[in-house]
Amino acid sequence: GAVVSQHPSWVICKSGTSVKIECRSLDFQATTMFWYRQFPKQSLMLMATSNEGSKATYEQGVEKDKFLINHASLTLSTLTVTSAHPEDSSFYICSARDQAAGNYGYTFGSGTRLTVV
Amino acid sequence: GEDVEQSLFLSVREGDSSVINCTYTDSSSTYLYWYKQEPGAGLQLLTYIFSNMDMKQDQRLTVLLNKKDKHLSLRIADTQTGDSAIYFCAETIYSSASKIIFGSGTRLSIRP
Chain A
12 GAVVSQHPSW
22 VICKSGTSVK
32 IECRSLDFQA
42 TTMFWYRQFP
52 KQSLMLMATS
62 NEGSKATYEQ
72 GVEKDKFLIN
82 HASLTLSTLT
92 VTSAHPEDSS
102 FYICSARDQA
112 AGNYGYTFGS
122 GTRLTVV
Chain B
183 GEDVEQSLFL
193 SVREGDSSVI
203 NCTYTDSSST
213 YLYWYKQEPG
223 AGLQLLTYIF
233 SNMDMKQDQR
243 LTVLLNKKDK
253 HLSLRIADTQ
263 TGDSAIYFCA
273 ETIYSSASKI
283 IFGSGTRLSI
293 RP
């Protein structure tokens, strides 16, 4: 089945630095990927929709200059948290849609736990 | 607007059936999903149902959809300890670029 690889699975960084998270579709092409943020014991909040070859679409309230998304190929989207602060500490999950699999073709990565100290 | 609601907790005895409920507000939803999340892990798709269906069964899982009341439920028969997890109800809305909207998640715990 479709597999989405997310890397790293966890990262600790110093306040003020930037962190890049990768999301790869391993055996299918994904023109659209999604980035979610999940706080402890809460639901997934959609941050942005990543579109291959074009700009990402951000949800209301998400700072596009802080959360940079690049979707340069059909199998890779990256999320860069710039100038990270402790309040950015969270669990980030990506999802890729396998167009060929229809509407149940949303596969999720295993998540990245970001801790900013 | 887009809103999906679930109760936060459910506790059942091992071997009993678990029923997790969900309500949604957008009548243009097309697919409705149930995902399972174990601690520290990503999401696993359990099952999905198209909005013009009433019921779908897959082994121990039964999904019921009442489109009139915008109510979705997931029944897990013979609940086992391995079923302990958070269960998310979700929907896709084609008018919103096919993004998935998640409910708050229901934490299912199993009593011996």
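Protein sequence lines correspond, in order, to chains A and B.
Going by the working numbering, the residue at position 116 of the first sequence is 127; the numbering climbs one at a time, nothing skipped.
Going by the working numbering, the residue at position 100 of the second sequence is 282; the numbering climbs one at a time, nothing skipped.
We treat Cβ as the ideally placed atom computed from N, Cα and C, and that holds for glycine.
Because the structure is a prediction, the values reported are computed rather than measured.
Quick check: is the beta carbon of residue 120/A nearer than 7 Å to any beta carbon in chain B? As a first step, residue 120/A must be located in the first sequence, where it is residue number 109. True, the Cβ-Cβ gap to chain B drops below 7 Å.
**Asked** Closest Cβ-Cβ distance between residue 93/A and chain B: below 7 Å?
**Response** Start at 1 with the first residue of the first sequence, and residue 93/A comes out as number 82. So, not an interface residue.
**Q.** Reduced DSSP secondary structure (H/G/I, E/B, other) of residue 110/A
**A.** Within the first sequence, the letter at position 99 stands for residue 110/A. In the structure shown, residue 110/A sits in a helix (DSSP, three-state: H, G or I).
Which residues in the same chain as residue 237/B place their Cβ atom closer than 6 Å to its Cβ, once the five residues preceding and following it in sequence are excluded? Translated into positions along the second sequence, residue 237/B becomes position 55. Excluding sequence neighbours, residue 237/B sits near 246.
Going by alpha carbons, who is nearest to residue 215/A out of 76/A, 36/A, 54/A and 80/A? Any property of residue 215/A remains undetermined from this structure, which presents chain A solely from 12 to 128.
What does the alpha-carbon distance come out to for the pair residue 195/B and residue 288/B?
Residue numbering aside, residue 195/B sits at position 13 when the second sequence is read from its first letter. Residue numbering aside, residue 288/B sits at position 106 when the second sequence is read from its first letter. Their Cα atoms are separated by approximately 16 Å.
Using the three-state DSSP reduction, which class does residue 60/A fall into: helix, strand or coil? For the purposes of this step, residue 60/A is taken as the residue at position 49 of the first sequence. Collapsing the DSSP output to three states places residue 60/A in a strand.
Opposite residue 18/A in the DSSP bridges: which residues?
Numbered from its first residue, the first sequence carries residue 18/A at position 7. Beta-bridge pairing links residue 18/A to 33/A.
Checklist entry - Taking contact to mean at least 3 C-beta pairs separated by less than 8 Å, is the segment 14-30 of chain A in contact with the segment 254-270 of chain B? => result no
request  = Would you tell me roughly how many angstroms separate the C-alpha atoms of residue 36/A and residue 251/B, rounded to the nearest one?
outcome  = Position 25 of the first sequence holds residue 36/A. Position 69 of the second sequence holds residue 251/B. Each residue's alpha carbon lies about 37 Å from the other.
Q. If you draw a straight line from the alpha carbon of residue 234/B to that of residue 93/A, how long is it in whole angstroms?
A. The count along the second sequence starts at 1 and reaches residue 234/B at position 52. The count along the first sequence starts at 1 and reaches residue 93/A at position 82. Residue 234/B and residue 93/A have their alpha carbons spaced roughly 43 Å apart.
(message) Taking 7 Å as the threshold (C-beta atoms), are residue 227/B and residue 273/B in contact?
(response) Your numbering for residue 273/B matches position 91 in the second sequence. Your numbering for residue 227/B matches position 45 in the second sequence. Result no, Cβ atoms of residue 273/B and residue 227/B do not sit closer than 7 Å.
Give, in chain order, every unbroken run of the alpha helix (DSSP H) that is at least 4 residues long and sits entirely within the segment 222-286 of chain B. none
Note to self: In whole angstroms, give me the CA-to-CA distance for residue 243/B and residue 25/A.
What the structure shows: Taking the first residue of the second sequence as position 1, residue 243/B is located at position 61. Taking the first residue of the first sequence as position 1, residue 25/A is located at position 14. Between residue 243/B and residue 25/A, the C-alpha separation is close to 44 Å.
Assumed close pair residue 204/B, residue 220/B - CB separation to whole angstroms, cut-off 8 Å:
Mapped onto the second sequence, residue 204/B falls at position 22. Mapped onto the second sequence, residue 220/B falls at position 38. Actually they do not touch by this definition, with Cβ atoms about 19 Å apart.
query: Can residue 208/B and residue 261/B be called in contact, C-beta distance under 7 Å?
result: Looking up residue 208/B in the second sequence gives position 26. Looking up residue 261/B in the second sequence gives position 79. Not closer than 7 Å, so no.
Taking the beta strand (DSSP E) that residue 187/B falls in, what are its first and last residues?
Your numbering for residue 187/B matches position 5 in the second sequence. Here the beta strand (DSSP E) through residue 187/B covers 186-188.
Ignore the nearest five residues each way along the sequence and tell me which others in residue 13/A's own chain have a CB closer than 6 Å to its CB.
Residue numbering aside, residue 13/A sits at position 2 when the first sequence is read from its first letter. Within the same chain, residue 13/A has close Cβ partners 39, 109 and 118.
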